[in-house]
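Here's the structure we're looking at; comments come further down.
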Ligand SMILES: *Cc1c(COP(=O)(O)O)cnc(C)c1O
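What follows is the structure, encoded as structure tokens:
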């Protein structure tokens, strides 16, 4: 959508150019681009899904998953008003985000991919939130890194709701105990739960399971739903949706 400053339409003495008082809004107008259009479509779908569920659209945070996409695409999304981004790999995030933060200090970076313990220090330095805490060894590494670095990002525990052997995430049967120990260790920095349902199954039961686990433990945040199923996830209470392809288009080949 383009907003036309009022004095454009009035055709006053200034002719084709806006009165200087309008230049400010003119400059901040988001230029229309395919990415901006897709982003706007996703935002509208989030709003609709939230309203259909009787929820406030503001209760759902859009995490734009920019993995494998160049910094220039992230800049386009920033120009269109997006501020929260998700990346899978620490090294890729470390290359792309620090320069972007210089020009956009209110950027937020979520790490959402499986995390190796030897990347814990960089992860703790870089991220505002780590959504993929999934095992005791990683909890140890993050706690240790936080002491050294002097900051601890917000944390979500990733639950492997489908108990898929190839997937990251704490197995269902270990989840309660792991959530409890992380709660003791990290206090309110532990904000909630995340899941990636099995690709070939209906996601709704997985979203419901995650929600009931979060409720049991009094955790406020639920990161669930991707391009294919974020409206479904919002219907089940998602407070964060991680959307990549529907915003940035198909991912370039991984390097
Ligand atoms: C890539 C990825 C996404 C985004 O997936 P799309 O289908 O492109 O929306 C969301 N969450 C995680 C953990 C991912 O790795």
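Residue numbers (the numbering used here): 1 to 255.
All residues carry an ideal CB built from backbone N, CA and C; glycine is no exception.
Since this is a predicted model, take the numbers as computed values, not measurements.
In this structure residue 127 does not touch residue 144 by the C-beta definition: roughly 16 Å separates them, more than the 8 Å allowed. For ligand 1, a non-hydrogen atom lies closer than 7 Å to the CB of residue 227.
Taking a C-beta distance under 8 Å as the contact criterion, residue 117 and residue 94 do not qualify as a contact pair.
Checking the 7 Å criterion, the Cβ of residue 246 is within range of a heavy atom belonging to ligand 1. Nearest in C-alpha terms to residue 151, of all of 158, 179, 186 and 47, is 186. The bridge partners DSSP lists for residue 160 are 171. Straight-line spacing of the CA atoms in residue 133 and residue 149 works out to 18 Å. When beta bridges are read from the DSSP output, residue 154 appears opposite 129.
For residue 87, the beta-bridge partners assigned by DSSP are 111. Residue 136 and residue 196 have their C-alpha atoms some 20 Å from each other. For residue 55, the CB stays at least 7 Å from every heavy atom of ligand 1.
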